[in-house]
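Let me begin by presenting the structure, written as structure tokens, before commenting on it.
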Amino acid sequence: MKIKRHERQVERMEAYEEAQRLAAEEAERLSKEKEAAAKVEAARIKASELAKPVPEEVKAVKIKEDYRREDIRINIPKYEEDTHESTYIPGKMSEGQKNIMNLMKDEDLFGSREIESGSEIKYGLDESTPVPSGFGLDGDVVNTGLGLNFEESEENLTIEKESEVVFKSGLNPVKADPMKVAAKAAETQGHAAYDTEQRLTKKEAREAMLTQEELNLSTEPRVKPYEFPPITLLNKPAPSSKQGASSSALRDKAIKLEETLRSFNVDARVINVTQGPSVTQYEVQPALGVKVSSIVKLADDIALNLEAKNIRIEAPIPGKAAVGIEIENDTRSMVTLREVLGSQVFKNSSSKISFALGRDIYGNDIVGDIKEMPHLLVAGSTGSGKSVCINSIILSILYKAKPEDVKLVLIDPKAVELGNYNGIPHLLIPVVTKPEKAAAALNWAVAEMTERYNKFADANVRDLKSYNDVMQKLEQPEGMMPQIVIIIDELADLMMSAPSQVEESITRLAQMARAAGMHLIVATQRPSVDVVTGLIKSNIPSRIAFKVASQIDSRTILDGAGAEKLAGKGDMLYAPNGEDRRRVQGVFVSNDEINAVIDFVKAQGGTAEYASDVINRIENTASGAPSGLDDDGDELLPEVIELVVTSGQASASMLQRRFRIGYNRAARIIDMLEARGIIGPPDGSRPRQVLMTETELYALQGELTNNEDFEEEL
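Sequential numbering of the sequence shown, starting at 0, is according to numbering that gives the first Met the number 0.
Written as structure tokens, this is what we have:
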């Protein structure tokens, strides 16, 4: 009897697989027939259009024929749908899918169970069956697991009472057996009680073998592991934000663009139209012999004839034999942070310091990697989207990295942008708001970089990843070091307070900090040459330019024009290290979303654990504590200080002659003396004033001699 039952199950399984195969073949056949019919219809329409006569005496007919051209490709990208909260959609099944459902209900193949619903007995699947997760009524399928592409309801399962489970699908509810629900609950409680008893027994046995000191250590509260914020804390895009211009409207504008170019004797045709979130790009292919410059110089005339708010011409488009004319959309599509964080591009990024940037014209989600940049300059005028970009970078790190893997140093001279991040576990120190402490924090970063390189040399490795791998192999997790991302929200304020010191620190970090796992993100709303100096710009290879006031500011950021033509509100030109510039609509994140994520992160581990040694060192440097003889900047600094104070003179040429060093090093030491308050600022051609007296110098030297702990720190 068992053999026959087994044979019958095998036959049912083979029939099930055959039905599944037939369903797939049926779907493929229908798809091919539909595609072939569409091609035939398109060919018929095109043939009928070509057969129509064109009167030569009526010139308007030619324009009308152009209007009906099908060679202009209209591209409206389809974005990924957010599937984190799916909705149940009842649908019709094909014959092959119905056969599969009938076979799945076969009790010999999948087992059976009875569900009482009043006086009626219904047969369903056994609870141990792995294939489906539930059924609706009248052939509706809910998440069968068979690749039928039916979506699951957000609220298909709700608990009305303790003994009652209701499946809601817009139809009559199906109630489970109350007795079985109660029995299942009792069984679960029994297992839980047994597991608790077993755990207590094991705990008692373990504690019997521990000393009192070990028992005290074992009862200390453990740090809760970091839990990544759920993406549901961020807002979904509104349905209206996805709506753009229709295909017919885009084709109308393409024809009008061709007419405008022909009116200026420029023979060119539009070959492709791509609608992005904020702008639409028209790819114009000039005829042979037409200069590209003849199209570029018509920018104002094109904007006038097309009634465009603003246009930008990319001549030519990299990798294409076409000129790109970008026209601002009448209705802008918002790109939310949730969309890009939920994209496969962000999920598949292996770097822990990846960040969601935005979406380009072609509908591609753009994700940046700070590790590959390795430093970033962000600039734009007020209201262009710079601060939103900085916040999206920080939130992306909170969604991607644990506190032990990535540490943040946030510098906010305006004291209003980043202060709400105080208390998150990723912060190495509290948010720095005072310019003098910001300069001291950058000095600490340079010293930390040097210390890391010394450790790399001792371990015979070249970068942070290799060093951490060595520590892991040696089973010394406490020796592993995190990546450090330093974010400066407004560089202009720092350059006003301590320009030479800030510029020197940023330059040294930008030149050497990549292998040490330290990265800079510098932002400013005043991209002038006195803020973004040549040294800073030459050592920061990756740039993000938002809308700026003039072409001069655009050249300061990007070494080229273009940023002055942007539309604002997140519209940016993104130029990562070694790649061409791309126009991207940046993600938007509201203050409520930022606070929701911050509150979630803060609620996990209590108070943040700041590095007290780093804080003390920054405080000492910023307050002018005995750092006058601190030799972390240059080994000759103590001798130079003594020479300058005793001689009463200070100049770079004197240091060159006395210590036989080059001009660059001598000038750098002079800047250090000025930053420490030992000498005054330059006064034209006259020598600098020495501010420290010999008495103060001897008192400081005596204090350092008596304080052995401070000497060890130096």
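C-beta atoms are modelled at their ideal positions from N, C-alpha and C, and glycine is treated no differently.
Fill in: Whole-angstrom distance between residue 279 and residue 482, CA atom to CA atom
Using only the alpha carbons, I get a separation of about 39 Å.
Worksheet entry | Whole-number beta carbon distance between residue 592 and residue 233, since they are thought to touch under 8 Å | About 5 Å; that satisfies the 8 Å criterion.
Worksheet entry | Presumed contact (8 Å Cβ cut-off) between residue 316 and residue 282, rounded CB distance | Right, the Cβ-Cβ distance comes to about 7 Å (below 8 Å), so this counts as a contact.
Fill in: With 16 other Cβ atoms within 10 Å as the buried cut-off, status of residue 24
When all chains shown are included, residue 24 counts as exposed.
Worksheet item: When DSSP labels each residue in this structure, what does residue 650 get in the three-state scheme?
Response: The answer is coil: DSSP assigns residue 650 none of H, G, I, E or B.
Worksheet item: Using the C-alpha atoms, what's the distance from residue 584 back to residue 564?
Response: Taking C-alpha positions only, residue 564 is separated from residue 584 by approximately 14 Å.
Practice prompt. List in chain order: all unbroken alpha helix (DSSP H) runs of 4+ residues lying wholly within the region 417–469.
Written response: 434–458, all fully within the region 417–469.
Worksheet item: Do three or more CB pairs link the region 307–322 to the region 549–566 at distances below 8 Å?
Response: Between the region 307–322 and the region 549–566 there are three or more C-beta pairs closer than 8 Å, enough to call the two in contact.
Worksheet item: If we call anything under 8 Å between Cβ atoms a contact, is residue 560 one with residue 374?
Response: Not closer than 8 Å, so no.
Discussion item. Taking the beta carbon of residue 5 as the centre, do at least 16 other beta carbons fall within 10 Å, making it buried, or is it exposed?
Written reply: Classification for residue 5: exposed.
Worksheet item: In three-state DSSP terms, what is residue 670?
Response: Here residue 670 sits in helix by DSSP.
Fill in: Per-residue burial, residue 630 [other beta carbons within 10 Å of its own, 16 or more giving buried]
Caution is warranted here: a pLDDT of 43 is assigned to residue 630, below 50, making its placement in the model unreliable, and the coordinate value is therefore given only provisionally. By the 10 Å Cβ count, residue 630 comes out exposed.
Item to complete: Excluding the 5 residues preceding and the 5 following residue 260 in the sequence, name in chain order all residues of the same chain whose CB lies nearer than 6 Å to its CB.
Response: Closer than 6 Å at the Cβ level, and outside the excluded window around residue 260, lie 267.
Practice prompt. Determine the closest residue to residue 644 out of 223, 662 and 669, with distance taken between C-alpha atoms.
Written response: The shortest Cα separation from residue 644 among 223, 662 and 669 belongs to 669.
Fill in: Contacts around residue 507, its chain only, beta-carbon distance under 7 Å, and the 5 residues preceding and following it disregarded
Same-chain partners within the cutoff: 445.
Discussion item. Taking its Cβ as the centre, do 16 or more other Cβ atoms sit within 10 Å of residue 612, making it buried, or is it exposed?
Written reply: Looking at its Cβ environment, which holds fewer than 16 other Cβ atoms inside 10 Å, residue 612 is exposed.
Fill in: Segment contact, 8 Å Cβ cut-off, at least three pairs: the region 472–490 with the region 647–664
In the pairwise beta carbon analysis, the region 472–490 is classified as not touching the region 647–664: fewer than three pairs are separated by under 8 Å.
Worksheet item: What number of angstroms, rounded off, separates the C-alpha of residue 600 from the C-alpha of residue 557?
Response: Going by C-alpha positions, residue 600 is about 36 Å away from residue 557.
Worksheet item: Can you pull the DSSP bridge partners for residue 587?
Response: Residue 587 pairs with 335.
Discussion item. I need the straight-line Cα distance from residue 38 to residue 270, nearest angstrom please.
Written reply: Rounded to whole angstroms, residue 38 to residue 270 spans 21 Å at the Cα level.
Practice prompt. Mark residue 542 as exposed unless 16 or more other C-beta atoms lie within 10 angstroms of its C-beta, in which case mark it buried.
Written response: Buried is the call here.
Worksheet entry | Given residue 361 as reference, the closest of 598, 582 and 642 once Cα atoms are compared | Comparing C-alpha distances from residue 361 to each of 598, 582 and 642 shows the shortest one belongs to 582.
Fill in: Meets three-Cβ-pair contact criterion under 8 Å: the region 452–467 and the region 489–505
Segments in contact, no.
Practice prompt. Pick out whichever of 381, 406, 383 and 382 has its Cα sitting closest to the Cα of residue 393.
Written response: It is 406.
Worksheet item: With which residues is residue 325 paired in a DSSP beta bridge?
Response: DSSP output for residue 325 lists 280 and 311 as bridge partner(s).
Item to complete: Using alpha carbons as the reference points, say which of 366, 377 and 28 lies closest to residue 544.
Response: Cα-wise, what sits closest to residue 544 is 377.
Worksheet entry | Pairwise C-alpha distance: residue 641 and residue 577 | Straight through space, the alpha carbons of residue 641 and residue 577 are spaced by roughly 47 Å.
Item to complete: Could you spell out the range, first to last residue, of the alpha helix (DSSP H) harbouring residue 724?
Response: Residue 724 is absent from the structure shown; the chain starts at 0 and stops at 713.
Fill in: Close Cβ partners of residue 333 (< 8 Å) along its chain, the five nearest in sequence each way excluded
Cβ within range, chain order: 236, 237, 240, 276 and 587.
Fill in: Distance between residue 36 and residue 22 (C-alpha atoms, nearest Å)
Roughly 21 Å between the two C-alpha positions.
Discussion item. For residue 426 and residue 402, I'd like the C-alpha separation in whole angstroms.
Written reply: In a straight line, the C-alpha of residue 426 is about 8 Å away from that of residue 402.
Worksheet item: So what's residue 530 in DSSP terms, helix, strand or just coil?
Response: Judged by DSSP in its simplified three-state form, residue 530 adopts coil rather than helix or strand.
Worksheet item: At what residues does the beta strand (DSSP E) containing residue 511 begin and finish?
Response: Counting along the chain, no beta strand (DSSP E) covers residue 511; the unbroken alpha helix (DSSP H) around it starts and ends at 498–511.
Fill in: Beta bridge counterpart(s) of residue 317 as assigned by DSSP
DSSP lists no bridge partner for residue 317.
Practice prompt. Please classify residue 224: is it buried, with 16 or more other beta-carbons within 10 angstroms of its beta-carbon, or exposed?
Written response: Classification for residue 224: exposed.
Discussion item. Using only the alpha-carbon positions, how far apart do residue 476 and residue 548 sit?
Written reply: Looking at the two C-alpha atoms, the distance is approximately 50 Å.
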